[in-house]
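Here the sequence shown stands for residues 1 to 68, where the numbers follow the numbering used here.
All C-beta atoms in this analysis are idealised placements derived from N, C-alpha and C, irrespective of residue type, glycine included.
Computed from a predicted model, the values in this text were never measured in an experiment.
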Amino acid sequence: MENIRYNVEHCGIEKDCQDKIVVEGYLWGSDATTILSPLGETAKFDVIILSDTVYMAYLPLTLGIQSL
Numbered sequence: 001m002e003n004i005r006y007n008v009e010h011c012g013i014e015k016d017c018q019d020k021i022v023v024e025g026y027l028w029g030s031d032a033t034t035i036l037s038p039l040g041e042t043a044k045f046d047v048i049i050l051s052d053t054v055y056m057a058y059l060p061l062t063l064g065i066q067s068l
């Protein structure tokens, strides 16, 4: 996560835009309350960028995506 935060800070994005970016880890299928909290009570993400999505059990991944 630290490397991703570094990339956000050093990739040339203006500071006011950087302040809108939240880098947060998430275990697929776990409670998404923590990462959804900056959005407000009922909001969800418009776009989700997935990485490292090679799973033997696809259900947690699917449930996680649906919750976000």
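Q: Can you tell me which of the three DSSP states Gly64 falls into?
A: Per DSSP, reduced to three states, the secondary structure at Gly64 is helical.
**Q.** Cut-off 8 Å between Cβ atoms - residues of its own chain near Ile35, not counting five sequence neighbours on either side
**A.** Cβ neighbours of Ile35 beyond the five flanking positions: Val22, Glu24, Tyr26 and Leu68.
(Q) Once DSSP output is grouped into helix, strand and coil, what is the label at Tyr26? (A) Three-state result, Tyr26: coil.
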